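Read through the structure below, which is laid out as C-alpha cells, and then see the notes.
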Amino acid sequence: DKLMLDNLEMFSKILKNVRKINFNVNMLYAHSDLHAANVLFENGKIRGIIDFENIGYAPRIRDLSLSIKSGCDTLAKERRFMKGYESVLKLTKKEKKLIPLITLRDNCYFFDRFYGGKGNAKDEKERIKRNMSGLNWVIGSTKKMVERTGILEKVK
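Heads up: the sequence shown begins at 2 in our numbering, then just goes up one per residue.
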C-alpha cells in the first residue's frame, strides 16, 4: 500500500494529461504482447509470432511501445530498435511523438493492475511477490519515461 500511495500522485498526473490525447492513428489489429518470447526465429529471421490472447484493434504504435518497454532498457537500444523498425515501415511525426505518451498511458493501467491484480499465482504470498515485482518494474519504467518526456512539467 505504501509503494502505491507514494506513486499515486505521479500516475494521477500522467493520466490526467494523456487521457485527453487521441491515440487512434494508423489503427490495426495489434498483438499487444509483442516481445522476444513471442517471436519465433530461425537462422536469425522471424518465422512466426505466437500468443495472440491479447490481440485487439489498436494504434500500431501500441505494439511498438510495448516492445520498446520490454526490450529496450537504454535509450541507445530504443534508437536501434526504432531505426530497424523504420527501415521496414516509416512512422509519421505524430506517431513518433505519441509513442512515449501511449507508453505512459499503458503504464497507468499496469500500475493499477499490479496493485490490485489477483493474478494466477499458486498462493497469496506468490501473488503478492509477483505483483510487487510488476509494480516496481512499472514505477521504474514510468519514472524513466517521465524524466525523458518532461510530461509532469506540462501538467498544471
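Ideal Cβ placement from N, Cα and C applies to all residues, glycine included.
All figures in this text were calculated on a predicted structure; none of them were measured in a lab.
DSSP three-state call for residue i: helix, strand or coil?
i: GLY151; result: coil
i: LYS123; result: coil
i: LEU90; result: coil
i: LYS157; result: Interpretation of LYS157 is limited by its pLDDT of 42, a score under 50 that renders its predicted location unreliable; the figure taken from the coordinates is listed afterwards. Here LYS157 sits in coil by DSSP.
Quick one: is residue i buried, meaning 16 or more other Cβ sit within 10 Å of its Cβ, or exposed?
i: ASN108; result: buried
i: THR75; result: exposed
i: THR93; result: exposed
i: VAL89; result: exposed
i: ILE56; result: exposed
i: ILE140; result: buried
i: ALA31; result: buried
i: ALA59; result: buried
i: LEU4; result: exposed
i: LEU9; result: exposed
i: ARG80; result: exposed
i: ILE12; result: Correcting the residue identity first, residue 12 is Phe in this sequence and not Ile. Burial call: buried.
i: ILE103; result: buried
i: SER142; result: buried
i: TYR116; result: buried
i: SER134; result: exposed
From which residue to which residue does the alpha helix (DSSP H) around residue i run?
i: LEU9; result: 3–19
i: LEU41; result: Careful: LEU41 lies outside any alpha helix (DSSP H), inside the beta strand (DSSP E) at 40–43.
i: LEU99; result: 94–117
Sorry if obvious, but does the Cβ on residue i come closer than 6 Å to a heavy atom of the ligand MG?
i: ASN44; result: The ligand MG is not among the ligands present in this structure, which contains no ligands whatsoever.
Taking the runs of the beta strand (DSSP E) that are 3 residues or longer, which of them lie wholly in the segment 20–80? Restricted to the segment 20–80, the beta strand (DSSP E) segments that are unbroken, complete and at least 3 residues in length are 28–31, 40–43, 46–50, 57–60, listed in chain order.
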